[in-house]
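One structure is given here, and the rest of the page talks about it.
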Amino acid sequence: MADTAVRQRIAELVHQATDGRVSPADALMAGASLSALGVDSLGLLRLIDAVELEYDVEIDLAGHGPRLDTMDDLLAHLAQGGAR
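With full-length UniProt numbering as the guide, the letters of the sequence shown map in order to residues 1 to 84.
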């Protein structure tokens, strides 16, 4: 399980990336897919960009890396150091 502070920060980044449409509390719901929460393609790009900048990781959007459909997927990817 990811550190609570990192989990909270990613939830805040989801909130920012969606221009407030997804609350941090909603983003923290276990198992909820980002798309089901209302994260559209632009929001996902914003989120990935923010995560890459903040955590100095590279996330492969070309489909060669792991699928990052939930907060837990994204947090697990970060815990592994991202794809550099």
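Yeah, the Cβ is synthetic: ideal placement off N, Cα and C, and Gly gets one too.
Item: Can residue 14 and residue 61 be called in contact, C-beta distance under 8 Å?; Value: no
Item: So, for residue 37: in the same chain, excluding its five sequence neighbours on each side, which residues have a beta-carbon less than 6 Å away from its beta-carbon?; Value: 22, 26
Item: How long is the line joining the alpha carbons of residue 11 and residue 55, rounded to whole angstroms?; Value: 14 Å
Item: Assign residue 4 to one of two classes, buried (16 or more other C-beta atoms within 10 Å of its C-beta) or exposed (fewer than that).; Value: exposed
Item: Check this for me: beta carbons of residue 34 and residue 44, under 8 Å apart or not?; Value: yes
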